[in-house]
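Notes follow the structure.
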Amino acid sequence: MDVLSVREGLKFIKEHCSTGKGPMFCEIRTYRYHGHSMSDPGVTYRTRDEVNEVRQSRDPIENVKNRLLQVGWATEAELKETEKEVRGEIAAALKAAKASSQPDLDELFTDIYTTGKPHASGWHSRLESEFPPEVRMPDLVNNRHFK
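Those letters in the sequence shown? Residues 1 to 147, per UniProt numbering, in order.
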């Protein structure tokens, strides 16, 4: 995956959708280094050699780091500092998430992309009458990654 191409594509999609031109579908192909869950280690349908080869040759983060270094847009020190900052952001977000309370059930269907009713499994019938008929979107206007 080419991180810079994905960024440009998503900027286009954001502009298209936020100017009222309608929804768009975005398919992004990537490689999952691990299994789907603890019960799926991911080694029954691919070899460790395959995973290592993909990680070494097609890792999107390593590829963008190499490109930034090659064209002189960043130094090793700058990239290490950025990685340190990002790891700090992740650690802070994880800590905040663990310390936060469970969301209210009223938030269960926030940002769900559908105009229909939730599956009628009966697990929470109150939500069927309260399910919003419109499609909701997160606020992407101020997203710092796509400006």
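C-beta atoms are modelled at their ideal positions from N, C-alpha and C, and glycine is treated no differently.
Inter-residue Cα distance where the pair is residue i and residue j
i           : j    : result
T75         : L68  : 8 Å
N66         : G42  : 28 Å
G72         : E81  : 16 Å
E15         : R7   : 12 Å
residue 175 : I61  : Coverage of the chain is limited to positions 1 through 147, which leaves residue 175 absent and any answer about it impossible.
G9          : G20  : 17 Å
V54         : P23  : 33 Å
D49         : L105 : 44 Å
Q70         : E85  : 22 Å
A91         : T44  : 32 Å
E89         : S18  : 28 Å
A93         : T110 : 20 Å
R87         : S100 : 20 Å
P103        : A96  : 13 Å
E27         : S39  : 27 Å
N108        : F25  : As written in the sequence, residue 108 is Leu, which differs from the Asn given in the question. Roughly 23 Å between the two C-alpha positions.
S5          : G35  : 26 Å
Beta-carbon gap between residue i and residue j smaller than 8 Å
i   : j   : result
R58 : Y31 : yes
R46 : M1  : no
V51 : V3  : no
Residue(s) in a DSSP beta bridge with residue i
i   : result
S39 : Answer by DSSP bridge pairing: none, since S39 is not bridged.
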